[in-house]
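Here the structure is laid out as structure tokens; the discussion comes afterwards.
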Amino acid sequence: MIPHKTDDIPHVSTDLLLKDLLGRWRARWGIGRMHYTIEPGLYAVGTPDEQSPVFASANYRMSFDILRSSLKGLDGYILVLDTQGINVWCAAGKGTFGTFELATRLLTCGLPDIVTHRRIIVPQLGAPGVNALEIRKMTDFTVVYGPVRAEDIPAFIENGMEATPTMRAVTFTLSERAALIPMELVPATKYAVPAALALLLLSGVHITGFAPERIVHGGVINMAFAVIATACGAAGVPLFLPLLPGKMFFVKGIWLGTVLDLAVLMAHRSHFPYLPEAWQLAAWMFVIPAATGYLAMNFTGATPYTSQSGVQHEMKIALPLLGAMGAVGAILWIASLFI
Amino acid sequence: MKDYRYLANVTTLELRTEACTGCGMCVTVCPHGVFRIIEAKAVMVDRDACMECGACARNCPANAVTVQSGVGCASGIMKGMLRGTAPTCDCDGTGCC
């Protein structure tokens, strides 16, 4: 194995440019998400030498950018693992940010010839995939689990590579939750938009014949309800999570939907020109909470604290209940075509 | 996380105290403070905070900790239900990760 000369190791800055921030924004919206990667391998930050620390990262560009921007003023190496463009924690769960990849990447990059120490700093959230003892057996390197958040790395190092309990705890702050909203909204619109358009057209249908003016009046309102339920469910659940009652997420979603129902009723209270519209309104009273309940249940996949067992338990109750609510709503809505 | 509690009594996390060597790896890697070392042995001080990430089981050198970790998102579980398999996200590149 030919050892790398230090000059061969690509150097990266600790500054984030506008294009990095734009790239991060696009990734949050799922635009070109799976191409937002970098080449696995070894990178240098600052002016490292053979005593400088080595940090492991994923080849998701966002992970890499967060790490390097947290290393301002430090000299070190970043060992980027091939996680197929997935972030550290998810990849660790999947096994790609794993013992085998870390060991082989470390060795094939020639790290033993580049640093004289035998320590590799692995993000704590890589632990689900990395067996520290195995890494030592395979590479002679000791895994030092760094803090959860890269921004705590300078303090961690100053503290003699010791983490405080706060550094080891995962959080779910408002801005962390808000960052997830685009990836709740975008997949939901794939269903909401066709459903809204279908409702728009169906609103013109009636047992007495197709009536375009009903589309203009009732149809637009139906479409608005579909859009509002989806947007409020996808954005409202993440935003108001700690305020929504209930431990199970679908319950939180139903609460949110019920609040929306009340708002809809208030807006409509002096306004029932067509009897079919009253039946459709009744339908929406069931469909809105069913939709927000379902969206809330799906949000479990994006949180840092729900468990597989808990979600399975929740779904056994949620799916039949939400299905029943949706069915009642559908029946009422279809009945409106015959009134 | 003090402010966020999910469901109680559902986790598959198990600790065999007799096998535990008190090394503290579980305390280091757990993102929710489930474990503490008390009198040289790991203790699950907050078992219901467990999210089944598997970090503890992966890193226990004594194999004293077990947990069923896997895809925990609702859509992954549903995919598994429809196919009759374990929960799977089989990332098709829509990038929910």
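Protein chains in written order, with the numbering used here: chain A, 3 to 341; chain B, 5 to 101.
From the three backbone atoms N, C-alpha and C, an ideal C-beta is built for every residue, glycine too.
If you're wondering where the values come from, they're calculated on a predicted model, not measured in any experiment.
Rounded separation between L245/A and P50/A - CA only: 47 Å
Please check if any C-beta of chain A sits within less than 7 Å of the C-beta of C24/B. no
Could you confirm whether any beta carbon from chain B is found closer than 7 Å to the beta carbon of T144/A? No, T144/A does not count as interfacial toward chain B.
Tell me the rounded alpha-carbon separation between G75/A and K21/A. 22 Å
Opening and closing residue of the alpha helix (DSSP H) in which G43/A lies: Unbroken run through G43/A is the beta strand (DSSP E), G43 to V47; no alpha helix (DSSP H).
Where H143/A and T305/A are concerned, what is the direct C-alpha to C-alpha distance, given to the nearest angstrom? According to the sequence displayed, residue 143/A carries Phe and not His. If I take the Cα positions, the gap works out to 32 Å.
DSSP beta-bridge partners of H13/A: A46/A
Rounded to whole angstroms, what is the Cα-Cα separation between S177/A and A213/A? 47 Å
Which residues bound the alpha helix (DSSP H) around G325/A? Q310 to S338
Can you tell me where the alpha helix (DSSP H) holding L108/A begins and where it ends? T101 to T110
Tell me the rounded alpha-carbon separation between F57/A and M29/B. 19 Å
Hey, is H315/A's beta-carbon within less than 7 Å of any beta-carbon in chain B? Chain B contact via Cβ: present.
For a contact meaning CB atoms closer than 7 Å, what does V14/B contact in chain A? S309, S311, G312 and H315
Residue range of the beta strand (DSSP E) that includes Y147/A: T144 to G148
Mind reading off the beta-carbon distance from I122/A to L108/A? Whole number of angstroms is fine, and I expect it under 8 Å. In this structure I122/A is in contact with L108/A, their Cβ atoms being roughly 7 Å apart against a cut-off of 8 Å.
Kindly list, in the order they appear in chain B, the residues whose Cβ is closer than 8 Å to that of V132/A. R62 and N63
Go ahead and pull the three-state DSSP assignment for G26/B. coil
For S73/B and P130/A, I'd like the C-alpha separation in whole angstroms. Cα-Cα distance, rounded: 9 Å.
Count the other CB atoms within 10 Å of the CB of F66/A; is the residue buried (16 or more) or exposed (fewer)? buried
Reduced DSSP category for E18/B - H, G, I as helix; E, B as strand; rest coil: strand
With 16 other CB atoms within 10 Å as the buried threshold, where does S15/A fall? exposed
Please work out which residues of its chain come closer than 6 Å, Cβ to Cβ, to M3/A, disregarding the five sequence neighbours upstream and downstream, and give them in chain order. A caution first: M3/A carries a pLDDT of 38, below 50, which makes its placement in the model unreliable, though a value can still be read off. Residues of the same chain with a CB within less than 6 Å of the CB of M3/A, apart from the 5 flanking positions on each side, do not exist.
Nearest CA to the CA of V239/A: which residue from P291/A, M225/A and V117/A? P291/A
Along chain B, which residues have their Cβ under 8 Å away from the Cβ of T106/A? By Cβ distance, chain B contributes nothing, its closest Cβ being about 18 Å from T106/A, past 8 Å.
When the cut-off is 7 Å and only beta carbons count, does L135/A lie next to chain B? Closer than 7 Å: yes.
Would you call the segment 77-88 of chain A in contact with the segment 97-111 of chain A, where contact means no fewer than 3 C-beta pairs closer than 8 Å? Between the segment 77-88 of chain A and the segment 97-111 of chain A there are three or more C-beta pairs closer than 8 Å, enough to call the two in contact.
Please look up how many angstroms separate the CB atoms of S54/A and Y38/A, rounded, as I've assumed it's under 8 Å. Their Cβ separation, rounded to whole angstroms, is 27 Å, which puts S54/A and Y38/A out of contact at 8 Å.
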